[in-house]
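Trainee: Here the numbering used here is used: position 14 in the sequence shown is 7, and no number is missing along the way.
From the three backbone atoms N, C-alpha and C, an ideal C-beta is built for every residue, glycine too.
As the structure is a prediction and not an experimental result, all values here were calculated from the model.
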Amino acid sequence: ENWEDHPNARLEEFDELPYELFGTNQHIEFHAEFKKELTRLLRSYRAPIMYAFAYGSGIFPQAKPNRHVSDEEYRSVHPKPSQALKEVQASGPKSIDLIFGVTHTQHWHSLNMRQHPEHYSSLAKFGSGLVSTTQERWGAGVY
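1) Measuring alpha carbon to alpha carbon, tell me which residue in Ser37, Lys87, Gln19, Arg60 is nearest glycine 49.
2) Report yes or no: do three or more beta-carbon pairs, one from the region 40 to 49 and one from the region 86 to 104, lie closer than 8 Å?
3) Nearest to alanine 40 by CA position, among Gly85, Met106, Phe15, Phe27, is which residue?
4) Taking CB distances under 9 Å as the criterion, tell me whether phenylalanine 15 reaches chain B.
5) Glycine 51 by DSSP, collapsed to three states: which one?
6) Could you give the DSSP three-state label for leucine 104: helix, strand or coil?
7) Per DSSP, what are the beta-bridge partners of tyrosine 44 in this structure?
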């Protein structure tokens, strides 16, 4: 039977997938030392994080390097770039995008605003309540 002829098929077990290697082309080799650095970064936050993930071109290389990137260029984005970061971002420095799952956003921002005031705009002067409300009402991209 051709699996594609039944797009609404109900799959309940992995062995019902159409091919034993289904999805393996989605597996990405990840730089082991850089993974350790990301773990250390997450553990450096004093505010409790329930889950987190990183995404984007700062994490997953997008292109092969076509020129030498200077330490000064890396430091313009990352104050203390490690060798692992330079290897992952060989085509040029990029921001590392993170999404944190937290349980109490106002409390989380209150703690994080003390540890990382540079992560916030002038809105933070009005307190973690306004920051949290702004984030919850207008969503991603605000905080």
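Mentor: In short, the structure shows the following:
1) Lys87
2) yes
3) Met106
4) No chain B appears in this structure, which consists of one protein chain only.
5) coil
6) helix
7) Gly94
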